[in-house]
Amino acid sequence: MAPREQDVLRRVGEASVLILVSLADGPKHGYALIQDVKQFAGVELGPGTLYGALDRLERLGLIESLPADERRHPYRITAPGAAALRVHLDSLERVSAAGRLRLQLGGA
Amino acid sequence: MMRAREAREGRLVDAALRCYPARWRRRHADEAAELAALLVRDGTPAASIAWSYLAGAAREWLAPRPGRSLSRVSAALLAAMCLLGFSAALVAETGPAKAAGTTQPPSGPVPLKVKPTPPSAGSGSPHQFTPCRLILPRQVTGAFPDAGRPRLSLQGAAHARSC
Chain W
298 MAPREQDVLR
308 RVGEASVLIL
318 VSLADGPKHG
328 YALIQDVKQF
338 AGVELGPGTL
348 YGALDRLERL
358 GLIESLPADE
368 RRHPYRITAP
378 GAAALRVHLD
388 SLERVSAAGR
398 LRLQLGGA
Chain V
-18 MMRAREAREG
-8 RLVDAALRCY
2 PARWRRRHAD
12 EAAELAALLV
22 RDGTPAASIA
32 WSYLAGAARE
42 WLAPRPGRSL
52 SRVSAALLAA
62 MCLLGFSAAL
72 VAETGPAKAA
82 GTTQPPSGPV
92 PLKVKPTPPS
102 AGSGSPHQFT
112 PCRLILPRQV
122 TGAFPDAGRP
132 RLSLQGAAHA
142 RSC
């Protein structure tokens, strides 16, 4: 069995993963991120949670802030961020497939 | 009326934003205030936004930073807890002493009251005190007759008492 890449997003929390998913299709600022996450995941991110997650992701080098547009800072996913998101989604997919299979076999 | 409400909500959010460390405020404060204004305009209650920022500020203060290692934070917390425990122990220790102190004079040495012995036949002055004299154990007939050690007693006083 080939060694799997390390999933750095395993311990960063759900908000960080949702933000990375939202940034995967292009840069966004805080308000757009909150609206987008609410739309695709049904999760309402609080502004305090948002900035905590943005800071953490930026420290990890998974996102970067772009020059301010008026008072808003758009954020963009970096190449390591995209790679980490891919690894994490693969891992979630494996867990999801295993869960579905076992539910089928168990007849639950 | 509407403007006063907006101003009050703005103050609430500003107060929450002031709870963040200065480093965070320099970086995000303007943007965070603008985001709050947009969310309020969308119908999000200002109190909920302020609460979210407060929780975020608490997390920001508690999160370990490169220059402020987790062990240093833990050591500071431990030292604070030790100081609190020490203070509590001091308070607990002085409690009974204070309670006992209510039956005693407030301060200063307690004056020794000695009854003057009645003038004996041979003495000239009526207030002449007899000096302490060593009494052997067998002569002591007080509360601890068999203590087995010599005692000093005021001879001539109404009761034999140790000094």
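Sequence order for the protein chains is W and V.
Under my numbering, the letters of the first sequence match residues 298 to 405, in that order.
Under my numbering, the letters of the second sequence match residues -18 to 144, in that order.
Glycine included, every Cβ here is placed at the ideal spot set by N, Cα and C.
It should be emphasised that the depicted structure is a prediction, and the values quoted were computed from it without experimental measurement.
- Contacts with chain V at 7 Å (Cβ-Cβ) do not include residue 372/W.
- Cβ-Cβ separation between residue 306/W and residue 372/W: approximately 16 Å, too far for a contact (criterion under 8 Å).
- With contacts defined as CB atoms closer than 7 Å, residue 33/V and residue 377/W fail to qualify as a contacting pair.
- Chain-ordered, the chain V residues with CB closer than 9 Å to the CB of residue 346/W read 33, 36, 37 and 40.
- Burial of residue 5/V is indicated by the presence of at least 16 other C-beta atoms within 10 angstroms of its C-beta.
- When rounded, the separation of the alpha-carbon atoms in residue -13/V and residue 13/V is 16 Å.
- Along the region 361 to 389 of chain W, going in chain order, the ones with a CB nearer than 7 Å to a CB of chain V are 368, 369 and 370.
- The region 59 to 68 of chain V and the region 355 to 366 of chain W do not touch, with fewer than 3 CB-CB distances between them shorter than 8 Å.
- Close to residue 11/V, with beta-carbon spacing below 8 Å, are these residues of chain W in chain order: 368.
- One finds 344 in chain W with Cβ atoms closer than 9 Å to the Cβ of residue 17/V, taken in chain order.
- Neighbours of residue 327/W in chain V, taken as residues whose beta carbon is under 7 Å from its own, are 12 and 16 in chain order.
- In its chain, beyond the 5 residues on either side, 369 have a beta carbon closer than 8 Å to the beta carbon of residue 328/W.
- In the DSSP assignment, residue 368/W falls outside any alpha helix (DSSP H), carrying neither H nor E.
- Among the bridge pairs identified by DSSP, residue 390/W is matched with none.
- Neighbours of residue 20/V in chain W, taken as residues whose beta carbon is under 9 Å from its own, are 328, 331 and 344 in chain order.
- Residue 1/V and residue 398/W have their C-alpha atoms some 47 Å from each other.
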